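Below: the structure, in structure tokens.
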Amino acid sequence: MAKNFTSRKEDYSQWYNEIVIKADLADYSAVRGSMVIKPYGYAIWEMMQAALDKKFKDTGHVNAYFPLFIPKSFFSKEAKHVEGFAKECAVVTHYRLKNDETGVVVDPDAKLEEELIVRPTSETIIWDTYKKWVQSWRDLPILVNQWANVVRWEMRTRLFLRTSEFLWQEGHTAHATRLEAEEEAKKMLGVYTDFAENFMAMPVLQGIKTENERFAGALETYCIEALMQDGKALQAGTSHFLGQNFAKAFDVKFLSKENKLEYVWATSWGVSTRLMGALIMTHSDDSGLVLPPKLAPFQVVIVPIYRKEEEKITVIEKGKQIKAELERVGIRVKLDDRDTQKPGFKFAEWEFKGVPLRIAIGPRDITNNTVELARRDTLTKSVTDMEGLREQVLDLLDEIQNNLFAKALDFRNTHTTVVNSWDEFKDVLENKGGFIMAHWDGTSETEEQIKAETKATIRSIPLDYDNSEEGVCVYSGKPSKGRVVFAKSY
RNA sequence: CGGGGUGUGGCGCAGUUGGUAGCGCACUUGACUGGGGGUCAAGGGGUCGCAAGUUCAAGUCUUGUCACUCCGACCA
Numbered sequence: 001m002a003k004n005f006t007s008r009k010e011d012y013s014q015w016y017n018e019i020v021i022k023a024d025l026a027d028y029s030a031v032r033g034s035m036v037i038k039p040y041g042y043a044i045w046e047m048m049q050a051a052l053d054k055k056f057k058d059t060g061h062v063n064a065y066f067p068l069f070i071p072k073s074f075f076s077k078e079a080k081h082v083e084g085f086a087k088e089c090a091v092v093t094h095y096r097l098k099n100d101e102t103g104v105v106v107d108p109d110a111k112l113e114e115e116l117i118v119r120p121t122s123e124t125i126i127w128d129t130y131k132k133w134v135q136s137w138r139d140l141p142i143l144v145n146q147w148a149n150v151v152r153w154e155m156r157t158r159l160f161l162r163t164s165e166f167l168w169q170e171g172h173t174a175h176a177t178r179l180e181a182e183e184e185a186k187k188m189l190g191v192y193t194d195f196a197e198n199f200m201a202m203p204v205l206q207g208i209k210t211e212n213e214r215f216a217g218a219l220e221t222y223c224i225e226a227l228m229q230d231g232k233a234l235q236a237g238t239s240h241f242l243g244q245n246f247a248k249a250f251d252v253k254f255l256s257k258e259n260k261l262e263y264v265w266a267t268s269w270g271v272s273t274r275l276m277g278a279l280i281m282t283h284s285d286d287s288g289l290v291l292p293p294k295l296a297p298f299q300v301v302i303v304p305i306y307r308k309e310e311e312k313i314t315v316i317e318k319g320k321q322i323k324a325e326l327e328r329v330g331i332r333v334k335l336d337d338r339d340t341q342k343p344g345f346k347f348a349e350w351e352f353k354g355v356p357l358r359i360a361i362g363p364r365d366i367t368n369n370t371v372e373l374a375r376r377d378t379l380t381k382s383v384t385d386m387e388g389l390r391e392q393v394l395d396l397l398d399e400i401q402n403n404l405f406a407k408a409l410d411f412r413n414t415h416t417t418v419v420n421s422w423d424e425f426k427d428v429l430e431n432k433g434g435f436i437m438a439h440w441d442g443t444s445e446t447e448e449q450i451k452a453e454t455k456a457t458i459r460s461i462p463l464d465y466d467n468s469e470e471g472v473c474v475y476s477g478k479p480s481k482g483r484v485v486f487a488k489s490y
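Numbering (this note's numbering), first residue to last: 1 to 490.
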């Protein structure tokens, strides 16, 4: 058990914060609501980026980069969009400082003609650009992704889950037809789902947002929702079908094959460093971080154990051999040959940092031609023969990946409850948490009242929404065409 | 923006009715150690968030101010 570490049961929020800080993922910075992502945390983000980026490219997308600053006037072009983001924008008003008696001050003479908004998302600047790129149906589709930082001036921030500045990717696509855009939005939701489940080992529920929860400016918001260990839902990714809203706002038209002038159809989709929070809260335990092998910067850590100098030489030599052998098949290995820390310390440290597999080698192992293998997910150890180690490691990494997913899926299944009455709804929400499948009358009023009374929101209307099962709304008693997913959320 | 909490060596904290700052971890050096966060010894490091005020004397009292954090409202 980790020293000086709060358990999930004691205080889930504190447990989360401590993991982030003590596992060296990130730290608070001098700037309110902004964090420093430390090398180990950034390495995990880079693993995520690499996997996602490959998926984007495999589905025909290319990367580009658009400006951080957006002219203020751009925001007023799409009414819903400005409404959604106006309250959380950082605004640049001046471009110069100067010295006076009190020190450095903003130079009042350096006021910008038009204020610049630090992007909270890039639809506006990108659609202003697409106007120049699109004339003909032959210019479509545009399938562009951007890796960037964005700023949303949130009231309350939490490491990774909600910071004022965060890293993300935002895909912005332009299409000739409605159908093609809708399919793109769904396709990218599929990409996110695949990534969440097969890389993060995090089961997600695919769905559609209700009007209340929809992205500002979208006709339809598709989302994946994950369930955290404290029973709260976390929106892990969104993909928006934007219709022609932005094309109309920025006047992006093209001549179709039929020689007709038409507005372009759009999508946008994104996931952020929030996924780091999701990853932590899905798998980690009271001994610290637990990483799925596919995203672990180090999949295997080798800890040499020795007393005398001769032992050190043989043991580290063996460690290097094993490392090289594992790396030959693409396994990411760290040989922790630091002479400044004791083995016990290293065990504890790597365990806390979530490395999936640990190999310990000491003089005993050299004699017996064995190693000690320890699994992070089950915290079990076994002594195993050096022969066939590589295959065993490969198998174990797979097994750990699968086991983490299975565990998370099992948790979600046991924390998904079908409820049929209002009392039951409140009881489950209060005492059990998790996803609640309940009938809803389809109105925003009901949704808002439920939120006001219980803090639960409709996470999504499931994509596999079963509209054959009719019933009555759990709150209003009015007719309902199917069950939707309620939960308290991050 | 409302409500709570906290600001004292790098980190976590203590500091009584005001009397000039201490503990644990970390750090440095050395020895012994080394299969789950070692032991012993000797060291280094703080104008107590900031600013005024009361006082012979302020970490401590008063006023103001700033920052961070937690719980809400808002959001990915």
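Positions of the beta carbon are idealized from the N, C-alpha and C atoms, including for glycine. Quantities reported herein were computed from a predicted structural model and do not represent experimental measurements.
Residue i to residue j span [Cα, whole Å]
| i | j | result |
| --- | --- | --- |
| ALA51 | PHE195 | 8 Å |
| SER444 | ASN420 | 20 Å |
| VAL393 | LEU373 | 9 Å |
| LEU438 | ILE19 | According to the sequence displayed, residue 438 carries Ala and not Leu. Taking the straight line from one Cα to the other gives about 34 Å. |
| MET1 | LYS98 | Caution applies to MET1, whose pLDDT of 45 falls short of 50 and renders its modelled position unreliable; the model cannot decide the point. |
| GLU351 | VAL474 | 45 Å |
| LYS381 | PHE215 | 47 Å |
| ILE44 | VAL301 | 16 Å |
| GLU327 | MET48 | 20 Å |
| VAL110 | LEU116 | It should be pointed out that residue 110 corresponds to Ala in this sequence rather than to Val. If I take the Cα positions, the gap works out to 13 Å. |
| PRO297 | VAL333 | 9 Å |
| ALA185 | ALA218 | 11 Å |
| VAL106 | LYS312 | 60 Å |
| LYS248 | GLU448 | 31 Å |
| TRP15 | ASP27 | 14 Å |
| MET202 | ALA236 | 10 Å |
Delimiting residues of the alpha helix (DSSP H) encompassing residue i
| i | result |
| --- | --- |
| GLN14 | 12 to 22 |
| GLU225 | Run containing GLU225: none in the alpha helix (DSSP H); it sits in the beta strand (DSSP E), 220 to 227. |
| HIS439 | No alpha helix (DSSP H) contains HIS439, which is instead part of the beta strand (DSSP E) from 435 to 439. |
| PRO287 | Note that residue 287 corresponds to Ser in the displayed sequence, not to Pro. Looking at the DSSP string, SER287 is not in any alpha helix (DSSP H), and its letter there is neither H nor E. |
| TYR192 | 178 to 198 |
| ALA249 | 245 to 249 |
C-beta contact flag for residue i and residue j at 8 Å
| i | j | result |
| --- | --- | --- |
| GLY288 | LYS187 | no |
| LEU295 | PHE160 | no |
| GLU183 | SER34 | no |
| LEU396 | ARG376 | no |
| HIS240 | LEU404 | no |
| SER489 | LEU234 | yes |
| TRP265 | ARG178 | yes |
| PHE347 | VAL303 | yes |
| PHE246 | GLU83 | no |
| ILE208 | SER460 | yes |
| ILE458 | THR210 | yes |
Any non-hydrogen atom of the ligand MN closer than 7 Å to residue i Cβ
| i | result |
| --- | --- |
| ALA452 | As for the ligand MN, it is missing from this structure, which has no ligand bound. |
DSSP-derived helix/strand/coil call for residue i
| i | result |
| --- | --- |
| GLU113 | strand |
| MET35 | strand |
| MET1 | Residue placement at MET1 is poorly supported in this model, since its pLDDT is 45, which falls under 50; the coordinates are not used for a value here. |
| HIS81 | helix |
| TYR263 | strand |
| PHE254 | strand |
| LYS353 | coil |
| ILE517 | Any answer about residue 517 is impossible in this case: the structure gives the chain only from 1 up to 490. |
| LEU97 | strand |
| ASP336 | coil |
| ARG364 | helix |
| ASP27 | strand |
| LYS9 | coil |
| GLN135 | coil |
| LEU161 | coil |
| ASN403 | helix |
| LYS455 | coil |
Residue from the options with nearest C-alpha to residue i
| i | options | result |
| --- | --- | --- |
| GLY477 | LEU167, SER256, THR446, ASP109 | THR446 |
| ASP339 | ILE322, TRP168, GLU309, ILE366 | GLU309 |
| ASN413 | PRO356, ARG96, LEU205, PHE241 | LEU205 |
| TYR306 | VAL333, GLU325, THR367 | THR367 |
| TRP147 | LYS9, SER489, GLN169, PRO141 | GLN169 |
| ILE494 | GLU424, ARG274, GLY433 | Residue 494 lies beyond the stretch modelled for the chain, which goes from 1 to 490, so this question has no answer here. |
| TYR222 | MET386, ILE142, VAL191 | VAL191 |
| LYS318 | GLY344, GLU349, PRO363 | PRO363 |
| THR93 | LEU112, SER272, ASP11 | LEU112 |
| PHE85 | VAL104, ARG119, VAL144 | ARG119 |
| VAL484 | TYR263, ASP441, LYS455, LYS451 | ASP441 |
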